[in-house]
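Every position in the sequence shown, counted from 1, becomes a number in the working numbering once 21 is added.
Even for Gly, the Cβ is constructed at its ideal location relative to N, Cα and C.
Computed from a predicted model, the values in this text were never measured in an experiment.
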Amino acid sequence: MISFCPFEATQPLSNAGPCLARVGTIVSNIELFGAYFLLLLLISGLRQVLRTFAWRYCIEPEHRQVSLWELFKLRLVGDAITDLTFAGPVLGETAKTYAMGEHMPLTFSLSSIFIENLLYSLAVIVFIISGAFVLLGRIAVPGQIRVATVAGMLALAAPVLVALWLISRRRLVISGILHWLEEKDWLPQRIARKETRLKLFEANVYEFYGKNRGAFWLIMLLEVLANLGGVIEAYIILGVTFGVYGWPYAYLVEWMNRVVNTVFAFVPLRVGIDEGSTALTVKSLGYASAAGVSLAIIRKVRTLFWIGVGLLLTAQYTLSPKGVGEEVEDRVK
């Protein structure tokens, strides 16, 4: 079990000495890494650029007049809102959708964001599953934990795999539900007024793979590379601050980070969770838990930098696109 000061408030005061020593170790590790922080920002910025390219390829060709720079800024705005609020991805992606409404019909904005997030989720699941195999191969764990790990992988993979199956089989879930509600005369007027847009959104998502097979695999490659960027970050931090150079170690640290971000997506900044989970991972690899806490804090500072940039950019967007509803309806008719 990890013993880290912030979680030991109920321990006797006699433990204050070791606790302060660990705090000192963490501070010194962060100071040691300071000179490399710009490199960390560069790598994390590159990850954002990769996902920006992926997002652009998810947009219908006739609406790709929006610049990469504009998409990059919108990504930072959405991520800042996601990281700072309990509404998490729901609010962040909604903000991106409405801000994109200045450049294209709202329905096409929503479908491009949904497709990009779906493919990114698939890449994350592939990464998590591969990381679980690395974990089980390098660390001796009890049988119950092995079973729990496999069960967790299946639980994460199931929703995305079901979504991909529905899309590949063209099972029109939204249209089917709307049709059933109409037959029962249970369809609320508020939803009925948006029925055309909902069906257009669903059609955009379902038709994407059939119309963009080449782009599909390019997007998947970009999403996988964005995930591997996190491994490079962990490798550099572990190497610079603790002299621990090993790709399997960095892979496992980033694997835990992906799991935490997925499970606790609605916890602002994953405060305390990142630190505790990374400390547990590093300690299981045979190193001091303070090393894991230092790593998590360094990455948290990097995240706060991009959040700050995102909040500054937020002022540029009114989040009130004009003429979107009329334009969408005109395209459908």
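*Which same chain residues, not among the five before or five after L332, have their C-beta less than 7 Å away from its C-beta?*
A101
*Can you tell me the Cβ-Cβ gap for Y78 and V261, rounded? I've got them flagged as a contact below 8 Å.*
Not really, about 34 Å apart at Cβ, beyond 8 Å.
*If you count every other CB in all the chains shown that lies within 10 Å of the CB of Y272, and 16 or more means buried, which is it?*
buried
*Pull up the CB-CB distance for E254 and I64, whole angstroms please, since I reckon it's below 8 Å.*
5 Å
*According to the Cβ coordinates, are T118 and F222 closer than 8 Å?*
no
*Output yes or no for whether 8 Å exceeds the beta carbon distance between M174 and A144.*
no
*Identify, in the order they occur along the chain, each residue of the same chain with its Cβ nearer than 6 Å to the Cβ of S298, setting aside the five sequence neighbours on each side.*
M277, V281
*Can you tell me which of the three DSSP states W207 falls into?*
coil
*Report buried or exposed for G250, applying the criterion of at least 16 other Cβ atoms within 10 angstroms of its Cβ.*
buried
*Return yes when the Cβ of Y308 is within less than 8 Å of the Cβ of V265, no when it is not.*
yes
_Taking its Cβ as the centre, do 16 or more other Cβ atoms sit within 10 Å of I319, making it buried, or is it exposed?_
buried
*When you compare only the Cα positions, how much space is there between L239 and W76?*
11 Å
*Taking only beta-carbon positions, decide if L105 is within less than 8 Å of chain D.*
Here chain D cannot be found, since the structure has a single protein chain.
*Rank S130, D104, F74 by C-alpha distance to the C-alpha of H84 and give the top, closest one.*
S130
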